[in-house]
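Student: Residue numbers (our numbering): 29 to 369.
1. Taking residue 105 as the reference, give the member of 324, 317, 258, 158 with the closest Cα.
2. What's the C-alpha gap between residue 352 and residue 362?
3. At 4 residues or longer, what runs of the alpha helix (DSSP H) sit wholly inside the segment 220-290?
4. What beta strand (DSSP E) runs, 3 residues minimum, are completely inside the segment 285-332?
5. Just the C-alpha distance for residue 99 and residue 222, rounded to the nearest angstrom, thanks.
6. Given a cut-off of 8 Å, decide if residue 72 and residue 293 are closer than it, judged by their beta-carbon atoms.
7. Anyone know if the C-beta pair for residue 253 and residue 194 falls short of 8 Å?
8. Quick check on DSSP: helix, strand or coil for residue 175?
9. Using CA atoms only, rank isn't needed, just tell me which of 38, 37, 46, 36 is closest to residue 30.
10. Does residue 209 come out as helix, strand or coil in the three-state DSSP assignment?
11. Are residue 212 and residue 339 touching if we call contact CB-CB under 8 Å?
12. If you drop the 5 nearest sequence neighbours on each side, which residues of the same chain put their C-beta closer than 7 Å to that of residue 165?
13. Distance, Cα to Cα, residue 337 vs residue 349?
14. With distances taken between CB atoms, is the gap from residue 146 to residue 61 smaller than 8 Å?
15. For a quick check, are the C-beta atoms of residue 86 and residue 140 less than 8 Å apart?
16. When the Cα atoms are used, what is the spatial distance from residue 314 to residue 124?
17. Rounded to whole angstroms, what's the CA-CA distance from residue 142 to residue 365? Just pull it up for me.
18. Which word fits residue 249, buried or exposed, when buried means at least 16 other C-beta atoms lie within 10 angstroms of its C-beta?
19. Quick check: the Cα distance between residue 180 and residue 65, rounded to an integer number of angstroms?
20. Determine whether the beta carbon atoms of residue 59 and residue 101 lie at a separation below 8 Å.
21. Quick test of your reading: residue 168 and residue 341, contact by CB under 8 Å. State the CB separation rounded to the nearest angstrom.
22. Considering Cα atoms alone, identify which of 177, 257, 34 is closest to residue 335.
23. With distance defined between alpha-carbon atoms, name the residue in 291, 272, 358 nearest to residue 184.
24. Output the residue ranges of the alpha helix (DSSP H) runs that lie fully inside the segment 48-121 and measure 4 residues or longer, sorted by chain position.
25. The beta strand (DSSP E) with residue 151 in it runs from where to where?
26. Express the C-alpha separation of residue 32 and residue 138 in angstroms, rounding to a whole number.
27. Are the beta-carbon atoms of residue 187 and residue 310 separated by less than 8 Å?
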């Protein structure tokens with residue numbers, strides 16, 4: 029089968045190769061990939077900025093069809109249309125696993141990182157990681173469900189956004205635009221922040237219901253936040269850009285005891301004024317991956333048409349054009365780039 033492989037450590041070292049179709053374990057399912065999304069994590073691995081094993085087939089966001097099941101698999105059948113969690117291997121015994129936070133397990137091996145992933149014609153995964161796609165949700169939309177589940181975890185579980193909250197979304201990329209939609213679905217008023225390079229993304233944000241969009245290189249969002257909150261500051265900030273200046277600005281825009289949730293990963297260290305965080309009693313949350321709850325809520329949101337997943341897809345390319353896809357994603361020339369094996 030065709031597969032996109034990180035062959036060795038270092039920047040680059042990615043090749044499209046012919047690999048054996050993986051064998052299906054007794055407790056696993058084999059999935060034929062329909063669509064697979066390029067994530068920032070894939071870019072970090074390409075640039076040697078993230079922990080990973082080699083050789084490894086990249087990719088962890090996919091929709092597909094079950095083509096084979098192991099002898100111990102129950103409640104999943106050949107022909108099911110599915111999406112999957114990314115936790116290929118966990119210990120199942122540590123306190124984090126017992127709490128359902130498998131993505132934080134110290135023994136975790138994630139798809140496309142330390143376990144062969146989805147940028148291939150087929151992949152295998154444990155039955156406990158498989159979710160059936162609702163009948164009315166198409167496969168292309170479903171391919172965005174993994175990043176959407178990460179957003180649901182950040183917005184609903186970590187930030188606990190409530191109806192009427194004033195929420196800032198910093199960074200109008202794919203994750204930011206999904207965060208906007210989930211926050212609106214929860215009844216929040218949303219202000220989207222970006223820079224002059226985000227002009228097209230601002231238009232998309234307005235289409236998706238943003239109450240305000242602000243180019244921080246031209247205008248000060250503090251005026252809008254003061255007006256909307258009676259001078260108190262925003263209730264929640266969802267930081268999706270992974271940019272130091274955005275983080276520092278976000279702290280300033282939050283109300284006392286406001287919630288700051290970081291989704292975007294950083295490529296270099298960031299300096300923060302922790303005195304501000306202390307004096308305002310800011311609740312500062314990191315956010316990684318997702319939970320069973322966020323998966324189920326994600327699929328329900330898609331089923332109820334409360335999220336337009338296709339709205340964040342800008343390009344669909346054959347797997348053979350992966351270099352073009354990675355370039356578009358890296359240069360932020362589009363939104364979510366989808367590869368089709």
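From the three backbone atoms N, C-alpha and C, an ideal C-beta is built for every residue, glycine too. The model shown is predicted, which means the values in this text are computed figures rather than measured ones.
Tutor: So, to answer that:
1. 158
2. 11 Å
3. Runs found: 227-235, 250-257, 272-281.
4. Complete beta strand (DSSP E) runs here, min 3: 311-314.
5. 50 Å
6. yes
7. yes
8. helix
9. 46
10. The answer is helix: DSSP assigns residue 209 an H, G or I state.
11. no
12. 330, 331
13. 23 Å
14. yes
15. yes
16. Near 16 Å, if we compare the C-alpha coordinates of residue 124 and residue 314.
17. 22 Å
18. Burial call: buried.
19. 18 Å
20. No, they are not a contact pair.
21. 7 Å
22. 177
23. 291
24. Counting whole runs of 4 or more residues, the segment 48-121 contains the alpha helix (DSSP H) stretches 68-74.
25. 150-154
26. 16 Å
27. no
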